[in-house]
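What follows is a single structure, written as structure tokens, with notes after it.
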Ligand SMILES: Cc1cc2nc3c(=O)[nH]c(=O)nc-3n(C[C@H](O)[C@H](O)[C@H](O)COP(=O)(O)OP(=O)(O)OC[C@H]3O[C@@H](n4cnc5c(N)ncnc54)[C@H](O)[C@@H]3O)c2cc1C
């Protein structure tokens, strides 16, 4: 087996290593020593990087589907896209979905991912009925919110550190159509945008896109997008042909065939943020809404270009995502935006969203409050600024999302995740030698730096 670069979505950090692709979870032979299991490597940083990796990419069997209850049992390597291909024509959808459908079921559970409906539906694990977990010892456990609940809680959001998820049962949501009724609102500054988000919180799906470059009175201006599932009657009224009512997504329209050279990526970024700001400024104040939108552009606007991460060049990029407690959010978000502007950092894609209550699982990210998500080209001057942003967040009782992280310190991590001691206890019980670990887990002190 030859070494190859093991990379995450943000292409930083990488290491040389060996990735094996067992045909089924049962055929998965653990490598000697330390290793990690991973799915589609959509984590932005080193949560999915290790020198020895076991890939779940071939674990794609659908094991059972209860049509009445919408309970789907499948192997952990099945992507959310593949689940949708099976479920949507039968009138079912994912109860919670992240901003890309190219995520494996195992990866969605291990990161306890959230979507545009966190305030209404919680995170992914709320809808997981059971998990089959293979421990490094070879023992197989079945865990659920009622059966070994401490193992379930540590596995949901546990970043693959408690065991290998072989399969899981997920409760799907019934839909009448594959379309959403979408409304768009414009806000002139942060206070207006947050007021809009609060006022429209009754909608099942909400997300705001923010112009991170606007300053002064316009700081934090942006657009709020809300939506709810459209009924068959609405589609009929709009003249959408019946055969499209439960249509599934199409393959990506474009593919970036190569990684852009660094200087082209930097130039594109420099022009890109100015262009994005210009576009924001000219978007209409009032929208003719609501409009009917298929689930693919509504939930997965970035999926229409395959491998778009290559646009950030060989140096790669970092996504920084935090959550701030609700009462500290307005002041915290403003300070973060000001810090970025003073440092001359420009984020191309910037998302603001209000979360509902968290589930209290030790490493699960969501807590009640606002999340802010920023994308940056990787440059040397970026790192000290991100350290300052971390300080702003933890000083206000917030935390950084592990699935997006590539560089936070062990101290920032410990401050943001009060469930860490409970997680360590379970990790020790399930994996006493610390065999399952990512480079992130080593960096954050979840295991010793030198593996067994
Ligand atoms: C464009 C884009 C948009 C995104 N939007 C969102 C969003 O809106 N909300 C959100 O929450 N996240 C979002 N993400 C992050 C993404 O949902 C998570 O990183 C997710 O975990 C990726 O799944 P994966 O299959 O690629 O897992 P990987 O990146 O391969 O692995 C992620 C973690 O899961 C563990 N893992 C994977 N498979 C298993 C298994 N079978 N058993 C045990 N552990 C396992 C790995 O060890 C690793 O720690 C986004 C990512 C991208 C690229």
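In my numbering, the protein residues as written are -9 to 442. Glycine included, every Cβ here is placed at the ideal spot set by N, Cα and C.
Buried/exposed call for residue i, threshold 16 Cβ in 10 Å
i, result
"residue 114", "buried"
"residue -9", "exposed"
"residue 248", "exposed"
"residue 205", "exposed"
"residue 371", "exposed"
"residue 33", "buried"
"residue 65", "buried"
"residue 287", "exposed"
"residue 90", "buried"
"residue 432", "buried"
"residue 105", "buried"
"residue 220", "buried"
"residue 440", "exposed"
"residue 240", "exposed"
"residue 118", "buried"
"residue 400", "exposed"
Which of helix, strand or coil DSSP assigns to residue i
i, result
"residue 76", "helix"
"residue 208", "helix"
"residue 359", "strand"
"residue 407", "coil"
"residue 175", "strand"
"residue 117", "helix"
"residue 262", "helix"
"residue 7", "strand"
"residue 239", "coil"
"residue 244", "strand"
"residue 308", "strand"
"residue 158", "strand"
"residue 35", "coil"
"residue 252", "helix"
"residue 389", "strand"
"residue 128", "coil"
"residue 340", "strand"
"residue 432", "helix"
"residue 330", "helix"
"residue 230", "coil"
"residue 367", "strand"
"residue 54", "strand"
"residue 378", "helix"
Beta-carbon gap between residue i and residue j smaller than 9 Å
i, j, result
"residue 346", "residue 112", "yes"
"residue 41", "residue 86", "no"
"residue 442", "residue 24", "yes"
"residue 170", "residue 284", "yes"
"residue 262", "residue 0", "no"
"residue 193", "residue 213", "no"
"residue 421", "residue 398", "no"
"residue 125", "residue 153", "yes"
"residue 183", "residue 162", "no"
"residue 300", "residue 257", "no"
"residue 362", "residue 340", "yes"
"residue 338", "residue 396", "no"
"residue 12", "residue 157", "no"
"residue 28", "residue 97", "yes"
"residue 142", "residue 121", "yes"
"residue -3", "residue 39", "yes"
"residue 102", "residue 430", "no"
"residue 216", "residue 190", "yes"
Beta-carbon separation (whole angstroms), residue i vs residue j, contact threshold 8 Å
i, j, result
"residue 93", "residue 70", "5 Å"
"residue 382", "residue 322", "6 Å"
"residue 428", "residue 149", "7 Å"
"residue 61", "residue 159", "6 Å"
"residue 44", "residue 21", "7 Å"
"residue 352", "residue 393", "Residue 352 to residue 393, Cβ: 15 Å. No contact."
"residue 244", "residue 326", "Contact flag wrong, Cβ pair sits at about 32 Å."
Closest by C-alpha distance to residue i, when choosing among the options
i, options, result
"residue 168", "282, 38, 10 and 50", "282"
"residue 236", "414, 199 and 76", "76"
"residue 280", "253, 432 and 173", "173"
"residue 357", "339, 325 and 390", "390"
"residue 404", "417, 393 and 388", "388"
"residue 54", "63, 238, 74 and 134", "63"
"residue 165", "208, 228, 82 and 252", "82"
"residue 222", "254, 230 and 52", "230"
"residue 349", "109, 52 and 303", "109"
"residue 209", "309, 215 and 178", "178"
"residue 310", "191, 426 and 377", "377"
"residue 10", "3, 2, 343 and 26", "26"
"residue 46", "58, 18, 260 and 368", "18"
9 Å Cβ cutoff, residue i in contact with chain C
i, result
"residue 164", "Among the chains of the structure shown, chain C does not appear; only one protein chain is present."
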